[in-house]
Amino acid sequence: MTTAAAPAPKYAVGSLVHARGREWVVLPDSTGDLLVLRPLGGADVDIAGVLPGLETVVPATFAPPTPGDLGDQHTAGLLRTALRIGFRAGAGPFRSLASIAVDPRPYQLVPLMMALRQDTVRLLIADDVGIGKTVEAGLIAAELLAQGDARGLVVMCSPALAEQWRAELRGKFGIDASLVLPATIGRLERETPYGQSVFRSDGAYVVSTDFIKSPRHREDFLRNCPDLVIVDEAHTCVADTSAQVSARTSQQRYALLRALADDPDRHLLLVTATPHSGKEEPFRRLLGLLDARLATVGFESRAGRELLAQFFVQRRRADIREDFQDGAHFPSSRDSAELSYTLHRDYRALLAEVLAYARETVRSAGGALQQRQRWWSTLALLRTLSSSPAAAVRSLNTRAGVQEADTPDEADRTGQSTVSDPADTDSAESADEVPGSLLPSAESRVEEADPDGLDADEKARLVAMAEAAGRLAGPTRDTKLKKLVATVTDLLDSGYRPIVFCRYIATSDYVAEHLKKVLNKRGAEHPVAVASVTGELSPDMRLNRIAELTSTDENGEPAPERRVLVATDCLSEGVNLQESFDAVIHYDLAWNPTRHEQREGRVDRFGQRTDTVKALTLYGADNPVDDIVLKVLLRKHERIRRATGISVPVPQQAESAMQAVFEQLILNVETPSFEQEGLFEREQLPAAEQLELAWESSAEREKASRSLYAQNRIKKEDVAAEVAEILAALGTGEEVREFTRRALGALRGAPADRKQGGFTAHTDALPQGLRDTVTAALGPRHPRPVVFHDAPSAPRGEVALTRTDPVVAATARFVLDTALDEKFPAWQRPARRCGVIRTSAVRRPTTMLLVRHRFQLSLPTRDGGVHPQLAEDARVVAFHGRPEAPQWLPDEEALALLEARATGNSDPGFATDHITSILAALDTGLMDELRLRSKAAAKELEASHHRVRTAARARLAGLKAVPQGDPDILGVFLYRPAATIQLGADA
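Here the sequence shown is numbered in our numbering, starting from 51 and rising by one per residue.
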């Protein structure tokens, strides 16, 4: 059985038709039975389907200007810029650039160029935290969808990041994705016709990875999954199958991804800042999802590294720093420092007691299993006591998770996942619970034991330690907290807004409680807002609490400038905090250097308005636990990074090295290290030395291989000219600023310059239609007046002066719509389509035409076919003399007329007569020249696409650009020489 092809459309893509009382542009995907149409000058939200068999559809032409609809000298510039800003079907080779709300940095186009080289896109994007992996993945997705190489999209991520991904797709790329989570699946299923899947191949979805891997939904998802998949935090979907307690969960995720990747036509983008945990097996499994050869090929050989370079892109901050020399908001430096404190004598005494207890319990264990259980329970107690008195009290009152282990290996797996910070753990999402340290005593008899299985003596000892820990609470005896208070105060006084990262929920709440008290004690001159965000809160509740701290309140009061966020590592990944905070304090040392990078990456990222961010690390100078972590891990990691310029993952030997050093502390030394005066150097232990050698060796291999990675082989310069030309055609930054300010001024927004740059405007005075759109974009509680920033990014509730900002785009659309519709009140029409201007910029009468060209652009597809697209371009053309015998000007001279200033007025009747004569000439000779220019523009467009596709080694067969209909005449403006002797309006 064969299926008949859909009948060819009667109207070509880009042609104009009249239906339902208005003019429309024919869009791709139209057939003879169904026309997909967009109103002329309208937006994507106005797209409609029209059935020619049921409704009247006829060819149309664009209406010329009305000669009497005259404007002043600013009209032409406003109209042209409004048109260019409003383009959503730009003509350039990157089809998505005109329809997305982000101006990509040059380096962010490199993954897109790599994707265009592949028939089926398979990439691992592993750029540093904070430099735009989400934008890079979104650019690829938007381009594949715009070119027709992908029909649908699904993003797989943790539930905590689902709403953020949805907002990014909608706000920056115009992709309206449905959330598929446990909380939404019921509604989605009710809205889906019986017997059909929630998923459609042409749909867009953001999905919880753990939810969709469940047996109930997995098979349906695999059958109906769209052909483009983005996997966020992809490293959590693979794990060392022999090591972690999280291996089962990771294996289920991996099995799902493996099934998706087995479809050879499915595009797959893996996104993570930590692709390599230091263990080779998980990294190879991740790469094997992209190409089976990468699972086994040797990267020591040039051929192996070149194969990897086709699928793997990874840039560090130093690699892309040059792309932020234009005033874009990206910190120029990170001011890092270590701040030490010494333990209070009571704290030191309790730590000595805990060390003695640890030594006794581990040494007296009966058998290997009990020894490992006791080892991990006492290590948990040591770490929680180093964190805070509150965490220690919680640990001493909580059963140890290792108690349930049946073998020593199982005890180690459980201990590593709950006490350590293993590099290949799922995430920090649920890792901030305090690990318990209570274990039953093997020697105790049942009749003597309490419900926890502890004999009376041990119970009394643990109770005494818990009580002693409780007495340490507060800055008097907790010198770590005291040091934090002083550090936070200094930062606040210097204008910084810090985030304090803690390891445990109990510590975060304890720190936040005391900071509120101390920083807001009676008589405090400046109150400080403090909030705690931990894994106890759902993802939505976390975002709400951050918003309460950083956003305008319900009464319209702005967020307090002096604010502190205290958080666990549930916020160290994914959540972007650069708009509201600019300093990080590591209150607790992570036992994995990658976690510190992730924490600092929350504020040290694109969009950060503070030039130098702070990263401060607190440690106890006489705390042996901090001493081990600093010397064995954190300082070595930083030293290698500074020496090589590369942040290298912790090698696989790190866990065993840490174990060896802690064994030296707990089992082999009778006197606590803070009483030893440097009895031994832990970093000189054999295990620690082997770790350092492995780390340095890994760094050298990484440094050597980077010369062959794709990001060094694809040159941004290959496409820089094309991108610059596209963005210039859509409106330069200065044009956008001047247009927005002038348009809002004409629309009663009363713009006022700011000393810091940019301006403010009173949007409440704008016409209602525009005012409602602005409120929808900024939120009903946005600050008044609205701040407009001379920058590519802006805080929530404010505006970035870029063509892709929703408020700027709405202003441009309003100006264009009202220019084309004379029914609007005069004050709401700052742009007009005609004008006669007296100016000293010309010496003879000169006519300028604002012209819009429409093209059907045929793009080769990966399956060998051709996908038709609509492309639009705006041009300014001009000629000297009478319209019957025009002398055409070069393009640069025509554009210069937009800057001409009026020096006198023209009589309206005189002006109307001249515009009428110019419009009449369109039918006699001017249009012939404009048609020739349309053909020339089509050739330029075709050549531009050819250059980019050649650089990307993409398909060329079938590439073609064809003008559709006559060019649209949007504006006609006559410039007349200024009168040397003013005798009258038009002497």
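Built from N, CA and C at the ideal position, the CB exists for glycine as well.
Would you mind stating whether residue i and residue j have Cβ atoms separated by less than 7 Å?
| i | j | result |
| --- | --- | --- |
| GLU105 | LEU90 | no |
| ALA408 | THR428 | yes |
| VAL786 | THR813 | no |
| ARG201 | ASP270 | no |
| ALA893 | PRO1027 | Ala is not the amino acid found at residue 893; the sequence shown has Arg there. Closer than 7 Å, so yes. |
| PRO78 | GLN919 | yes |
| ALA210 | LEU219 | no |
| ALA881 | ALA869 | yes |
| THR557 | ALA441 | yes |
| LEU909 | GLN197 | yes |
| THR662 | ASP385 | yes |
| LEU948 | GLY127 | yes |
| ARG569 | VAL561 | Note on identity: in this sequence residue 569 is Leu, with Arg being the wrong assignment. No, they are not a contact pair. |
| TYR546 | LYS664 | yes |
| GLU647 | VAL179 | yes |
| SER146 | ALA217 | no |
| PRO332 | VAL288 | yes |
| VAL700 | VAL682 | no |
| LEU465 | VAL452 | Before going further, note that residue 465 is Gly rather than Leu in the sequence given. Contact: yes. |
| ALA536 | PRO439 | no |
| VAL901 | ALA793 | no |
| VAL614 | LEU565 | yes |
| LEU203 | LEU87 | no |
Assign residue i to one of two classes, buried (16 or more other C-beta atoms within 10 Å of its C-beta) or exposed (fewer than that).
| i | result |
| --- | --- |
| TYR244 | exposed |
| ALA591 | It is worth fixing the name first, because residue 591 is Met in this sequence and not Ala. Exposed, because fewer than 16 other Cβ atoms sit within 10 Å of the Cβ of MET591. |
| THR897 | buried |
| SER80 | buried |
| LEU166 | buried |
| ALA254 | buried |
| HIS964 | buried |
| GLY118 | exposed |
| ALA815 | exposed |
| SER582 | buried |
| GLU739 | exposed |
| THR111 | exposed |
| ALA455 | buried |
| GLU186 | buried |
| VAL67 | buried |
| GLY348 | exposed |
| SER601 | buried |
| ARG692 | exposed |
| ASN83 | The amino acid occupying residue 83 in the given sequence is Asp; Asn does not appear at that position. It counts as exposed. |
| SER414 | exposed |
Please decide whether residue i counts as near chain D, where near means a Cβ-Cβ distance under 7 Å.
| i | result |
| --- | --- |
| GLY975 | The structure shown contains no chain D; it holds only a single protein chain. |
Beta-carbon within less than 6 Å of residue i's beta-carbon, same chain only, minus the 5 sequence neighbours each way: which residues are those?
| i | result |
| --- | --- |
| LEU339 | LEU307, ALA311 |
| GLN906 | ALA62, VAL63, GLY64, PRO918, VAL1012, GLN1014 |
| ARG649 | PHE551, SER622, VAL634 |
| THR448 | GLY486 |
| ARG652 | LEU627 |
| TYR832 | Tyr is not the amino acid found at residue 832; the sequence shown has His there. Excluding residues within five positions, the ones whose Cβ falls inside 6 Å are GLY847. |
Can you name, in chain order, every residue of its own chain whose Cβ lies under 7 Å from the Cβ of residue i, other than the five neighbours on each side?
| i | result |
| --- | --- |
| LEU231 | PRO209, ALA212, SER258, PHE261 |
| LYS530 | TYR391, LEU668, GLY670 |
| ALA1007 | PRO910 |
Go through its chain and collect everything with a Cβ distance to residue i's Cβ below 8 Å, but skip five positions before and after it.
| i | result |
| --- | --- |
| ALA950 | GLN123, ILE887, THR889, ALA891, VAL892, TYR1025 |
**Q.** Meets three-Cβ-pair contact criterion under 8 Å: the segment 410-423 and the segment 454-463
**A.** Touching, per the Cβ criterion.
Q) Is the segment 852-860 in contact with the segment 820-828, if contact means three or more CB pairs nearer than 8 Å? A) Because the criterion of three Cβ pairs below 8 Å is met, the segment 852-860 and the segment 820-828 touch.
Q | beta strand (DSSP E) segments (min. 3 residues) lying fully within the segment 633-684 | A | 633-636, 662-670
Q. Which full runs of the alpha helix (DSSP H) of 4+ residues lie inside the segment 524-574, going along the chain?
A. 529-543, 555-569
Q. Taking contact to mean at least 3 C-beta pairs separated by less than 8 Å, is the segment 930-937 in contact with the segment 994-1009?
A. In short, these stretches do not touch, since the Cβ pair count stays below three.
Q. Can you list, in chain order, the stretches of the alpha helix (DSSP H) that have 4 or more residues and sit fully within the segment 383-465?
A. You should have 395-413, 418-437, 439-446.
Q. Hey, is the segment 942-962 in contact with the segment 981-989, meaning 3+ C-beta pairs nearer than 8 Å?
A. no
Q) For the segment 53-89, which segments carrying the alpha helix (DSSP H) assignment without a break, of at least 4 residues, lie completely within its bounds, in sequence order? A) Qualifying alpha helix (DSSP H) stretches: none in this window.
**Q.** Stretch pair the segment 527-541 + the segment 503-515: three plus CB contacts closer than 8 Å
**A.** no
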